[in-house]
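What follows is a single structure, written as structure tokens, with notes after it.
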Amino acid sequence: MKSKKALIFGITGQDGSYLAEFLLKKNYVIHGVKRRSSSANTERIDHIFDSINFKSKNFFIHYGDITDSSSTLGLINKIKPDEIYNLAAQSHVRVSFDIPEYTANSTALGSLRILEAIKNLNLSDTKYYQASSSEMFGKQTKGKSQNEKTPFHPMSIYGVSKVFSYHTTIYYREAFGIFACNGILFNHESPRRGPTFVTKKIVQALVRIKLKKQLTLSLGNLYAVRDWGHAKDYVESMWKILQYKKPDDWVIATNEEMTVKEFINICAKKLDIKLIWKNKGIKEIGIDKNTNKIIIKIDKKYFRPGEVDYLKGNYYKAKKLLKWSPKYKSNDLINDMIKYELDLHE
Ligand code: NAP
Ligand code: G4F
């Protein structure tokens with residue numbers, strides 16, 4: 012049987028790298044788009060693609076940029092993929108407050124550029140996956156989990172941009188018959204998570220503190236609740252979404268909830284750091300009981316002008332119809348992330 016062709020925008024990111032590995036195992040030919048960068052940005056995929064040894068014949072990387080219509084259209088026209096995964100975005104919520112216009116250009120308009128290309132090139136058999144986000148739910152009532160019917164109330168330009176892409180995806184599906192789908196993915200992490208996202212920042216710092224290579228960890232809001240899954244599980248859901256009999260929109264989550272502080276406490280315990288919390292608000296500190304030193308501080312620069320306090324996803328629809336469920340529990344995720352950091356220091 013002929014291999015399917017997948018085009019992945021955002022292949023150098025956390026999800027792009029796991030998705031590429033997943034699809035290669037399914038015998039896909041992978042085309043990935045990377046941006047020009049003055050320093051190396053292919054660390055997460057170098058083990059797959061090795062420009063000297065050509066380890067995989069089914070893996071091709073192209074320069075492109077989701078903010079550039081001509082390169083986006085040109086690549087789609089040249090490759091004529093069976094499936095397009097749009098994972099490219101300025102994906103950091105905190106950074107979207109600093110660079111709102113660029114965030115909107117990449118995170119909102121990027122989807123429009125791809126969908127316009129699919130439509131104008133008459134690629135009626137090409138399927139489209141949009142990396143939508145639980146950040147779209149934004150302001151929510153604590154205790155109530157979110158599903159496909161929960162209204163959006165974004166609290167950042169990142170969230171607003173993802174809402175634009177979400178509706179654009181549905182519009183191209185309904186108006187032009189494109190097989191275009193939204194995966195509304197809740198937070199998912201891994202050893203490959205970018206270092207400024209909170210889970211990676213915590214794990215990396217606590218491991219270094221344990222090994223006496225770092226003194227303190229500064230954080231913002233410790234009381235936000237997130238539903239953290241493993242990226243490896245979540246890329247499988249992206250593929251399943253495009254294999255379903257009709258295009259649709261899907262919540263992908265674990266239905267587990269945890270505050271940032273609980274995440275820290277679990278990591279500290281696993282690293283045998285005895286953590287004692289003192290004070291409240293901006294003065295809150297975490298002390299290592301063994302050394303009596305302050306190892307966690309609060310820094311107001313990490314607070315956001317708009318915060319999302321409570322995210323917990325109900326993935327009942329994906330479980331029932333896609334037969335998708337997360338294999339990793341939060342405990343397995345944390346073990347995987349800690350092991351990776353510890354191994355780096357061996
Ligand atoms: P990530 O690690 O930040 O990866 C983002 C990818 O997009 C990188 O490959 C990045 O390239 C690329 N990119 C950024 N701007 C681009 C541009 N202008 N043109 C082309 N490529 C560009 O994010 P991730 O965690 O893998 O997430 C993947 C997608 O899912 C993102 O759209 C994110 O918003 C969304 N999402 C993520 C989560 C989550 O919890 N991880 C949850 C819901 C939705 P560089 O490597 O060069 O920076
Ligand atoms: O790790 P975070 O930066 O992830 P956030 O904002 O939830 O966004 C991630 O998940 C979204 C899905 O809901 C994705 F769409 C998005 O692309 C990204 O992958 O922050 C998590 C929580 C926030 O409430 C934040 O205020 O941790 C809190 N936090 C506390 N201190 C911190 C810090 N976040 C970061 N990044 N750094 C801190 O020092």
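Residue 332 in this note's numbering sits at position 321 of the sequence shown, and the numbers go up by one each step. All C-beta atoms in this analysis are idealised placements derived from N, C-alpha and C, irrespective of residue type, glycine included. Everything numeric in this text was worked out from a predicted model, so none of it was measured.
> Going by the CB atoms, is the gap between Phe-314 and Gly-231 shorter than 8 Å?
Replying inline: Taking the first residue of the sequence shown as position 1, residue 231 is located at position 220. Taking the first residue of the sequence shown as position 1, residue 314 is located at position 303. A contact, by the Cβ cut-off of 8 Å.
>> Please list the terminal residues of the continuous alpha helix (DSSP H) segment that includes Glu-357.
In response: Taking the first residue of the sequence shown as 1, we reach residue 357 at position 346. Careful: Glu-357 lies outside any alpha helix (DSSP H) and carries neither H nor E.
> How long is the line joining the alpha carbons of Ile-72 and Tyr-139, rounded to whole angstroms?
Replying inline: By one-based count along the sequence shown, residue 72 stands at place 61. By one-based count along the sequence shown, residue 139 stands at place 128. If I take the Cα positions, the gap works out to 19 Å.
> How is Phe-187 classed by DSSP in three states: helix, strand or coil?
Replying inline: By 1-based counting over the sequence shown, the position of residue 187 is 176. Of the three classes helix, strand and coil, the one that applies to Phe-187 here is helix, per DSSP.
> Do you know whose CA, among Val-319, Leu-253 and Leu-286, lies nearest Ile-306's CA?
Replying inline: Residue numbering aside, residue 306 sits at position 295 when the sequence shown is read from its first letter. Answer by Cα proximity: Leu-286.
> Can you tell me where the beta strand (DSSP E) with Tyr-74 in it begins and where it stops?
Replying inline: Translated into the one-based positions of the sequence shown, residue 74 becomes position 63. Note, Tyr-74: beta strand (DSSP E), 70-74.
>> Going by beta-carbon coordinates alone, are Ile-56 and Thr-83 separated by less than 8 Å?
In response: Within the sequence shown, residue 56 is the residue found at index 45, counting from 1. Within the sequence shown, residue 83 is the residue found at index 72, counting from 1. Result no, Cβ atoms of Ile-56 and Thr-83 do not sit closer than 8 Å.
> Which one of Lys-340, Ile-275, Tyr-255 and Tyr-29 has the shortest CA to CA distance from Lys-334?
Replying inline: To locate residue 334, count along the sequence shown from 1; it is residue 323. Among Lys-340, Ile-275, Tyr-255 and Tyr-29, the Cα nearest to that of Lys-334 is on Tyr-255.
>> Quick check: the Cα distance between Lys-160 and Asn-69, rounded to an integer number of angstroms?
In response: On the sequence shown, residue 160 is found 149 positions in, with the first residue counted as 1. On the sequence shown, residue 69 is found 58 positions in, with the first residue counted as 1. If you take the alpha carbons of Lys-160 and Asn-69, they lie about 39 Å apart.
> Between Lys-211 and Glu-94, what straight-line distance do the alpha-carbon atoms span, to the nearest angstrom?
Replying inline: Taking the sequence shown and counting its residues from 1, one reaches residue 211 at position 200. Taking the sequence shown and counting its residues from 1, one reaches residue 94 at position 83. Their backbone Cα atoms lie some 30 Å apart in a straight line.
> If you compare alpha carbons, which of Ser-143, Leu-217, Ile-213 and Gly-154 is closest to Cys-192?
Replying inline: What you label residue 192 is simply residue 181 of the sequence shown in a count that begins at 1. That would be Ser-143, whose Cα lies nearest to the Cα of Cys-192.
> Any chance the CB of Ala-279 is under 7 Å from a heavy atom of the ligand NAP?
Replying inline: Counting from 1 along the sequence shown, the entry for residue 279 is found at position 268. Checking every heavy atom of the ligand NAP against the Cβ of Ala-279, none is found closer than 7 Å.
> Smallest Cα separation from Ala-51: which of Leu-35, Gly-24 and Tyr-321?
Replying inline: Here residue 51 corresponds to residue number 40 of the sequence shown, with the count starting at 1. Checking every option, the nearest Cα to that of Ala-51 belongs to Gly-24.
>> Tell me which residues share the same chain as Gly-170 and place their Cβ nearer than 6 Å to its Cβ, disregarding the 5 neighbours each side in the sequence.
In response: Looking up residue 170 in the sequence shown gives position 159. Glu-146, Met-147 and Gly-149.
> Considering Trp-250, what are the terminal residues of the beta strand (DSSP E) in which it resides?
Replying inline: By one-based count along the sequence shown, residue 250 stands at place 239. Trp-250 -> not in any beta strand (DSSP E); alpha helix (DSSP H) instead, spanning 242-254.
> In whole angstroms, what separates the C-alpha of Met-249 from that of Ala-329?
Replying inline: The count along the sequence shown starts at 1 and reaches residue 249 at position 238. The count along the sequence shown starts at 1 and reaches residue 329 at position 318. One C-alpha to the other measures close to 11 Å.
>> If you follow the alpha helix (DSSP H) that Ser-80 is in, where does it begin and where does it stop?
In response: As a first step, residue 80 is located in the sequence shown; it is residue number 69 there, counting from the start. Note, Ser-80: alpha helix (DSSP H), 80-90.
> Hey, would you say Met-348 sits closer than 8 Å to Glu-247, going by beta carbons?
Replying inline: Stepping through the sequence shown from its first residue, residue 348 is reached at position 337. Stepping through the sequence shown from its first residue, residue 247 is reached at position 236. Their beta carbons are not under 8 Å apart, which means Met-348 does not touch Glu-247 by this criterion.
>> I'd like the ranges of any beta strand (DSSP E) spanning at least 3 consecutive residues and lying wholly in the stretch 190-246.
In response: 190-196 and 228-230
>> By alpha-carbon positions, which one of Asn-301, Ile-293, Ile-110 and Ile-90 ends up nearest to Lys-311?
In response: As a first step, residue 311 is located in the sequence shown; it is residue number 300 there, counting from the start. The candidate whose alpha carbon is nearest that of Lys-311 is Ile-293.
> Lys-33 by DSSP, collapsed to three states: which one?
Replying inline: Here the question's residue 33 lines up with position 22 in the sequence shown. Reading the sequence as shown, one finds Phe at residue 33 and not Lys. Note: Phe-33 maps to helix in three-state DSSP.
> Between Thr-53 and the rest of its own chain, which residues show a CB-CB distance below 6 Å, the 5 nearest in sequence each way excluded?
Replying inline: As a first step, residue 53 must be located in the sequence shown, where it is residue number 42. Hits under 6 Å: Thr-23.
> What is the DSSP secondary structure of Ala-279, reduced to helix, strand or coil?
Replying inline: The sequence position of residue 279 within the sequence shown is 268, counting from 1. Looking at Ala-279 - three-state DSSP - the assignment turns out to be helix.
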